[in-house]
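Here's the structure we're looking at; comments come further down.
In this note's numbering, the protein residues as written are 1 to 208.
The structure is reproduced here in C-alpha cells:
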C-alpha cells in the first residue's frame, strides 16, 4: 500500500506500515535537514509558520471540547504512533494536540495540501517549503516524521522546555533565542503575537 497517498474518504493509511516507512537513508537525510534548519534559524531568525488560521483554531477548540481535551480518530492515532518514535511518552499527547491544531482538527483539505496557510505552509504538520524542501509535505506520514523529529530536537535544544520547543516549531529557533535574550524569564512577551497565541492555544495561560 502506498502510505504517501491521501485517501479520498478522509481516512489515513493503515497504521501497520508506519515503522518501516523511513529507511536508514531517509532518516539520516531527515536528521541532516533538521540540523540545517536549526543552523539557518540561528543565523537569520527563520520564521516557519504564522499563527493558525482562525477557522482551524476554532475547529481545534470545538473538537477538544467535545472529546474531553484529547484528539481522537484515525489521524490522531497515526500522529501518536509516529510521535512515540521520537518523543518521550509525556510529550506524545501534546504533539498530537499540536498537529490537531496545525491541521484544523485533521481537516482532509489541509492534510492533502489542497488548502495551504496564508504563509504557504502545507500538509498535516503545516511545514514551510523553504524550511523543509526535501520533505514531501503533502505526504502525511513523511510530514509527521519531520514534525516529530523537529520537536524532539527542539526539546533537546531547550533542555526539555515544552513551551520553548513549541515556540521554536512555530516561529523558528532564532526567534525564540532572541526572545529569551530580550526578556529572560518573561521571554514569551517578546515573541511575535501569533506565536504567543499558538502557545496559549496549546498550553493555556498568559504570556509570562
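Ideal Cβ positions, reconstructed from N, Cα and C, are used throughout, including at glycine.
Exercise. Exposed or buried, which one is residue 200 when buried takes at least 16 other CB atoms within 10 Å?
Worked result: Translated into the one-based positions of the chain shown, residue 200 becomes position 200. Classification for residue 200: exposed.
Exercise. Touching or not, the segment 122–135 and the segment 152–163, by the rule of three or more beta carbon pairs under 8 angstroms?
Worked result: no
Exercise. Helix, strand or coil for residue 48 per DSSP?
Worked result: For the purposes of this step, residue 48 is identified with residue 48 of the chain shown, where counting begins at 1. Confidence at residue 48 is low in this model, with a pLDDT of 43, below 50, so its placement is unreliable and the value that follows should be read with caution. Three-state result, residue 48: coil.
Exercise. Opposite residue 122 in the DSSP bridges: which residues?
Worked result: Here residue 122 refers to the residue found at position 122 of the chain shown. Its beta-bridge partners are 127.
Exercise. Near residue 205, which residues of its chain fall below 7 angstroms by C-beta distance, leaving aside the five closest residues on each side in sequence?
Worked result: Numbered from 1 along the chain shown, position 205 holds the residue referred to as residue 205. Correct list: empty, nothing qualifies.
Exercise. If we count the other Cβ atoms within 10 Å of its Cβ and call it buried at 16 or more, is residue 104 buried or exposed?
Worked result: What you label residue 104 is simply residue 104 of the chain shown in a count that begins at 1. Buried.
Exercise. Is it true that the segment 108–116 meets the segment 76–87, where meeting means three or more beta-carbon pairs spaced less than 8 angstroms apart?
Worked result: no
For this session: With DSSP collapsed to three states, give me the class of residue 172.
Result: Taking the chain shown and counting its residues from 1, the one referred to as residue 172 is at position 172. Coil.
For this session: Using only alpha-carbon positions, find the residue among 110, 96, 150, 86 that is nearest to residue 202.
Result: In the chain shown, residue 202 corresponds to position 202, counting from 1. Residue 202 has its Cα closest to that of 96, out of 110, 96, 150, 86.
Exercise. Can you check whether the CB of residue 144 is closer than 9 angstroms to the CB of residue 167?
Worked result: On the chain shown, residue 167 is found 167 positions in, with the first residue counted as 1. On the chain shown, residue 144 is found 144 positions in, with the first residue counted as 1. No, they are not a contact pair.
Problem set entry | Identity of the residue in 187, 160, 176 nearest residue 216 by Cα | The structure shown does not extend to residue 216, since the chain is modelled only from 1 through 208, so no value can be given for it.
Problem set entry | First and last residue of the uninterrupted alpha helix (DSSP H) at residue 154 | Here the question's residue 154 lines up with position 154 in the chain shown. First-last of the alpha helix (DSSP H) with residue 154: 140–157.
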